[in-house]
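Trainee: Sharing a structure here in structure tokens format.
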């Protein structure tokens, strides 16, 4: 048999690129569907129901509260808790602690101005186990540019719902982080340059809090025990100043019924689509609030009941993070004067960078965020829970 | 009637010249005929016989090299009412007033053939009568073959001619070669082993033997009684019609098949392909009525049907997953494929088991005269196939292997998930063909394909097809053939998913298919071709277990269970020629299916959703016990009516049943899609299809046209429920619903089979709609209304063109346009907990953007020397020349509380590949 030497020659194979582009197709879209979202927690107080109208995709008018409806929560023991509109579209039903206990089922009844009735299915309040722990690890994420990865903290929830507890959960999170300005304040400009007689640190320490809006849901239905280990929660990258000093995450664990879990889990999946090869198509989701009479319209949204447990974690991350650019501009005295003059009085005071060289003080301009940490959105008020 | 003999003369002169063409050179200016004759006699071995007084004033003027003698004569003699005649012994007779007649014409009705003396045949188009006349005469120079002995002939019975057609050079059987009997307007085709059976009344005929890429042969046949005929065809050295889809006039207009295409692998060489690999399924996708889900999907949708409704047979082995490398390649190595047949309208009764189409692929049988090899290299794959005789003229082998080294491409992907992926595949095939004797042929074939890939290091997939077949062909008598085969096929996949380590799992799945099949072909008379037989299939499916994978996983193990089923069918069909114009195919298949134990089956409380909470009763079935039994007739009928010599109208009705289906809720065919048998809860699907077609040939320009209209109705189609999960429990009935489907469309196709420019242009308008309308809302999809199926593509246009610049260089292109596939889009956005969420439309209410693609391919052959050791050719392919960013999918994400749409495009730039292929032998070697 002849041996054939195969000579391998390629000519210019262009890059194979599977690419994702922003694309907003024309969507006729129907707006104006009735949206009712309500939740009963096991904590005494107002139980909130939000009623709004949906809006078409790309519609800038995206807050459309619906006022004037009446709401009521009923339990399966014959008690009812009428509500009142607290602010446009937000209704509250006060419930005392004695009426809020695991094992009781609740439903929501909404009546519109025409008297059409919308009633949810009964949802049982299920007990929620304590959160065992919140853990985290440093993870590296790759980007579209090879070798340009970044670091961050991945948080995990650990919980044990073996026994009589609910098997389905949602986690809500609120993050708070401490960050600092770069420079203390010793001089400022308000039409002329002024020196302070002492250095002030009033705007040096800041804290900022944000609710994490993404949905996190999980069910133990695929697990062989009620032990949830390392369920991934929020990922915090080092591309902001969140991890620059100290970071805290408050995790609320909400028990869910299977119906509520499936609804929220589908929403979660559908809001994190990737368009990849083996992805399944999104679909309409059915909520559990139904119109009761012929005049009623279909309802989007969910009514659910939940017990809530929470846990807070503090982290002093040891990774390099993003910092604002605080390099002084390097302006000469005249340049600085001209530059400062270009700001209107509404911008005063303008804090200045300075250096004392012998008896002389040299001023310069630097990014104002480096003097006043509040400019980055936080507050100088230390939160009560801060350790 | 004076004109009659004239034409004979002209013709004979012409044919002589054309055949042997005495040519002369020189510069004759006003030369007296006498001198001219002497000059000619000197140059060529001819002798003029004439009377000097007739040619006295005739003078010849002509000059040049290699002038054709008959032409000069034609040009000059006519002026003096002279005629010439070339005799067999190289004498040229000149006659006056009357041409010389040697043979009597046997054709009447020639009045219109008003020929003129000395007329050159090339100078004008032939009239129909002349053409027929000439063809009628041609036999006088044709070889005559005598078949049988008139003494053996039994009165009133037809003669049956059995035989085979082989390649002179390689001895390989010529499959799909046509034998056209002009007098009867009937065509016959050789089978997969090159055998044919012709049943005709005794008499004299002209047989025309044709096979793509081979020299046409014509023989005068004196058929006296039944007998044998073995023909060897020689390769045409310079095939000019290499891109032709092999459906000659016999298929297109006269054949009984509708929606049928037979393609030989040689003919798809020049169709541009992605990543430089010629691929049968890619070619099928260019035919009208065939769509696919997306760029990265090997599944095809035929006439609006789901991807699991196509039967892929490779030498009788059913292949359950036909894709390699995310579907960019099909699992069939083109180097061992000889040809394939694609049926989408009327399936012959011997095929069954799938609703929409059958793609029957035959491998090469191997050269039984010499060793030969072929192979190629592209940026993605390398492949090689070798073949040769085991025992010369008796048995041969073929072996092939193909593998990929595509990882380097993935490493250059932008998407980090893809960058961390890898993919490998390979496939192997081996076959042996042995001719035991003239009446027995044995073929053994084995096939294995394997794919392995990981996506973003969180998911790993591995899958393989393995199959083997044993095929025995036996000629019982001159009018009865028998074919029996045993085939086994296994598809298996393994999947590890680590996207959430807490519930990471692995899943192994396997389907085994064992089949015995036997078919008889009986030709009781020249107007009938009867086929009958049956098959039996044993399905053994292990849907596998979901098991925890990795140390962190606490996945709950789930056993999806095993299942068994038996499918059987018997069939009989008769192809009847009712008259010269009407042929009918009447077929009946009766199929049976039993779903077998051991199995645990749940019964659910009626009027409630099917779910674990509504289990009413549990039924246990022991091994071998029949759980469900389904059966039914499948009528296969078609008719052809020849409306004229070059056009016909055809009709077909087809019923098909399918006893297994695929569980899929993804856009692309995923390797983890499981095949599942019809069972206690899920009934088998069935389809009825009616098609009507019109076919027209335009012989002169090698053009043919076809128009087909079809309407198809499918019952018990399986649709997944929204959010279906196929690995959570063995009870599939909780995840799917059954509904109805209707599909209809019109397919127009214009094809040019030969010439410098060849190819086809097709236009399709088609719809495919599904309705799932159970009594309760949980048994409905889209409120029980009709909705477009995932593969409803109304308009599609394909143009395939091949321009042969010269014998070595050809340029070809594909143009593909179709409406975007249906998709579910957001219709409204709502707020919940200060975040925005999407409410989607009903299933498939929108469409992704239209698809358009233009590909270009340049094929450069090596030199055309006929004596050379090997031949190679280069193929430069540009896929998606315009770089259009065709959407594969459109999806929406919630980003920072806002909804943003994205489209994903798989090939968003032109993809250039260069591949090199070789074979031993010369350009024309097979």
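Protein chains in written order, with this note's numbering: chain A, 1 to 387; chain B, 388 to 1313.
Glycine is no exception: its CB is placed at the ideal position from the N, C-alpha and C atoms.
Residue 1026/B and residue 970/B: beta carbons closer than 8 Å?
Mentor: The sequence position of residue 1026/B within the second chain is 639, counting from 1. The sequence position of residue 970/B within the second chain is 583, counting from 1. For residue 1026/B and residue 970/B, yes; Cβs fall inside 8 Å.
Trainee: When burial is assigned at 16 or more other CB atoms within 10 Å of the CB, is residue 360/A buried or exposed?
Mentor: Counting from 1 along the first chain, the entry for residue 360/A is found at position 360. By the 10 Å Cβ count, residue 360/A comes out exposed.
Trainee: Counting C-beta neighbours from all protein chains within 10 Å, is the total for residue 476/B 16 or more, i.e. buried, or is it exposed?
Mentor: Translated into positions along the second chain, residue 476/B becomes position 89. Exposed, because fewer than 16 other Cβ atoms sit within 10 Å of the Cβ of residue 476/B.
Trainee: May I ask you to list, following chain order, the residues of the region 684–698 of chain B that have a beta carbon less than 7 Å from some beta carbon of chain A?
Mentor: none
Trainee: Measure from the C-beta of residue 577/B to each C-beta in chain A and report whether the shortest distance is under 8 Å.
Mentor: Numbered from its first residue, the second chain carries residue 577/B at position 190. For residue 577/B, the answer is no, since every Cβ of chain A falls outside 8 Å of its Cβ.
Trainee: Residue 379/A by DSSP, collapsed to three states: which one?
Mentor: Here residue 379/A corresponds to residue number 379 of the first chain, with the count starting at 1. Three-state DSSP puts residue 379/A in a strand.
Trainee: In or out: residue 370/A buried (at least 16 other Cβ within 10 Å) or exposed?
Mentor: Counted from its first residue, the first chain places residue 370/A at position 370. Taking a 10 Å sphere around the C-beta of residue 370/A, we find 16 or more other C-beta atoms and assign the residue as buried.
Trainee: Kindly indicate which residue of 552/B, 595/B and 588/B has the alpha-carbon position closest to the one of residue 569/B.
Mentor: By one-based count along the second chain, residue 569/B stands at place 182. Considering only alpha carbons, the answer is 595/B.
Trainee: Is the CB-CB distance between residue 1078/B and residue 1035/B below 8 Å?
Mentor: For the purposes of this step, residue 1078/B is identified with residue 691 of the second chain, where counting begins at 1. For the purposes of this step, residue 1035/B is identified with residue 648 of the second chain, where counting begins at 1. No.
Trainee: Which partner residues of residue 990/B appear in the DSSP bridge assignment?
Mentor: If you number the second chain from 1, residue 990/B lands on position 603. DSSP lists 1004/B as partners of residue 990/B.
Trainee: Would you say residue 3/A lies against chain B (beta-carbon separation less than 8 Å)?
Mentor: As a working mapping, residue 3/A is identified with position 3 in the first chain. Here the model assigns residue 3/A a pLDDT of 25, short of 50, so the residue's position is not dependable, and the following value carries that caveat. Chain B, which has no Cβ nearer than 8 Å to the Cβ of residue 3/A, makes this no.
Trainee: Which residues does DSSP list as the beta-bridge partners of residue 806/B?
Mentor: For the purposes of this step, residue 806/B is taken as residue 419 along the second chain, with counting starting at 1. Note: residue 806/B sits in no beta bridge, so no partner.
Trainee: Against chain B, with Cβ distances strictly below 8 Å, would residue 97/A count as a contact?
Mentor: Counted from its first residue, the first chain places residue 97/A at position 97. Judged by the 8 Å Cβ criterion, residue 97/A is not in contact with chain B.
Trainee: The alpha helix (DSSP H) with residue 337/A in it runs from where to where?
Mentor: For this step, residue 337/A is matched to residue 337 along the first chain. Its alpha helix (DSSP H) spans residues 333–341.
Trainee: Excluding five sequence neighbours on each side, which residues of the same chain lie with their C-beta closer than 7 Å to the C-beta of residue 1280/B?
Mentor: One-based indexing of the second chain puts residue 1280/B at position 893. These residues qualify, in order along the chain: 1287 and 1289.
Trainee: So what's residue 463/B in DSSP terms, helix, strand or just coil?
Mentor: On the second chain, residue 463/B is found 76 positions in, with the first residue counted as 1. In the structure shown, residue 463/B sits in a helix (DSSP, three-state: H, G or I).
Trainee: How about residue 1158/B and residue 1126/B: are their beta carbons less than 8 Å apart?
Mentor: Position 771 of the second chain holds residue 1158/B. Position 739 of the second chain holds residue 1126/B. Yes. Within cutoff.
Trainee: Could you tell me which of 825/B, 1009/B and 1114/B sits nearest to residue 985/B, measuring between CA atoms?
Mentor: Residue numbering aside, residue 985/B sits at position 598 when the second chain is read from its first letter. Per the Cα distances, 1009/B.
Trainee: Quick one: list the residues of chain B neighbouring residue 24/A, beta-carbon separation under 7 Å, in chain order.
Mentor: Residue numbering aside, residue 24/A sits at position 24 when the first chain is read from its first letter. Near residue 24/A (Cβ distances below 7 Å), the residues of chain B are 1288.
Trainee: Give the straight-line distance between the Cα atoms of residue 21/A and residue 273/A, rounded to the nearest whole angstrom.
Mentor: Residue mapping note: residue 21/A aligns to position 21 of the first chain, counting from 1. Residue mapping note: residue 273/A aligns to position 273 of the first chain, counting from 1. Each residue's Cα considered, the two are about 14 Å apart.
Trainee: Are there three or more Cβ pairs, one per stretch, closer than 8 Å when the region 120–140 of chain A is compared with the region 158–171 of chain A?
Mentor: yes
Trainee: Is the beta carbon of residue 108/A closer than 8 Å to that of residue 228/A?
Mentor: Residue 228/A sits at position 228 when you count from the first residue of the first chain. Residue 108/A sits at position 108 when you count from the first residue of the first chain. No, Cβ-Cβ distance for residue 228/A and residue 108/A is not below 8 Å.
Trainee: As an exercise, report each continuous beta strand (DSSP E) stretch of at least 3 residues that is fully enclosed by the region 1085–1151 of chain B, in chain order.
Mentor: Counting only runs that start and end inside the region 1085–1151 of chain B, the beta strand (DSSP E) elements of at least 3 residues fall at 1090–1107 and 1123–1139.
Trainee: Could you check whether the region 694–706 of chain B touches the region 727–747 of chain B, counting it as contact only if at least three pairs of C-beta atoms, one from each stretch, sit closer than 8 Å?
Mentor: With the cut-off at 8 Å, the region 694–706 of chain B and the region 727–747 of chain B touch.
Trainee: Taking residue 1020/B as the query, report the chain A residues whose CB atoms sit under 9 Å from its CB, ordered along the chain.
Mentor: The sequence position of residue 1020/B within the second chain is 633, counting from 1. Ordered by position in chain A, no residue passes the 9 Å Cβ test against residue 1020/B, which lies about 37 Å from the chain.
Trainee: Between residue 1075/B and residue 1041/B, what straight-line distance do the alpha-carbon atoms span, to the nearest angstrom?
Mentor: Counted from its first residue, the second chain places residue 1075/B at position 688. Counted from its first residue, the second chain places residue 1041/B at position 654. Whole-angstrom Cα-Cα distance: 6 Å.
Trainee: Buried or exposed: where does residue 86/A fall if 16 or more other Cβ atoms within 10 Å of its Cβ makes it buried?
Mentor: As a working mapping, residue 86/A is identified with position 86 in the first chain. Answer is exposed; the Cβ neighbour count stays below 16.
Trainee: Can you list the residues of chain B that residue 56/A reaches, using a CB-CB cut of under 7 Å?
Mentor: Within the first chain, the letter at position 56 stands for residue 56/A. Ordered by position in chain B, the residues that pass the 7 Å Cβ test against residue 56/A are 1215.
Trainee: Rounded to whole angstroms, what is the Cα-Cα separation between residue 304/A and residue 1226/B?
Mentor: Your numbering for residue 304/A matches position 304 in the first chain. Your numbering for residue 1226/B matches position 839 in the second chain. Distance between the alpha carbons of residue 304/A and residue 1226/B is about 19 Å.
Trainee: If we cut at 8 Å on Cβ distances, does residue 1100/B have a partner in chain A?
Mentor: Indexing the second chain from 1 puts residue 1100/B at position 713. For residue 1100/B, the answer is no, since every Cβ of chain A falls outside 8 Å of its Cβ.
Trainee: Closest Cβ-Cβ distance between residue 1054/B and chain A: below 8 Å?
Mentor: The residue labelled residue 1054/B in the question sits at position 667 within the second chain. True, the Cβ-Cβ gap to chain A drops below 8 Å.
Trainee: To the nearest angstrom, how far is it from the Cα of residue 238/A to the Cα of residue 180/A?
Mentor: Here residue 238/A is taken as the residue at index 238 of the first chain, counted from 1. Here residue 180/A is taken as the residue at index 180 of the first chain, counted from 1. Distance between the alpha carbons of residue 238/A and residue 180/A is about 15 Å.
Trainee: Short check: CB of residue 1119/B to CB of residue 1063/B, under 8 Å?
Mentor: Against the second chain, residue 1119/B aligns to sequence position 732. Against the second chain, residue 1063/B aligns to sequence position 676. Cβ atoms of residue 1119/B and residue 1063/B: closer than 8 Å.
Trainee: In the DSSP assignment, the beta strand (DSSP E) including residue 139/A goes from what residue to what residue?
Mentor: Locating residue 139/A in the first chain gives position 139, where the first residue counts as 1. Run containing residue 139/A: 131–141, per the beta strand (DSSP E) assignment.
Trainee: Does any CB atom of chain B fall closer than 8 Å to the CB of residue 93/A?
Mentor: For this step, residue 93/A is matched to residue 93 along the first chain. Residue 93/A does not count as touching chain B.
Trainee: Would the beta-carbon of residue 271/A fall within 8 Å of that of residue 215/A?
Mentor: Within the first chain, numbered from 1, the residue matching residue 271/A stands at position 271. Within the first chain, numbered from 1, the residue matching residue 215/A stands at position 215. Yes, Cβ-Cβ distance for residue 271/A and residue 215/A is below 8 Å.
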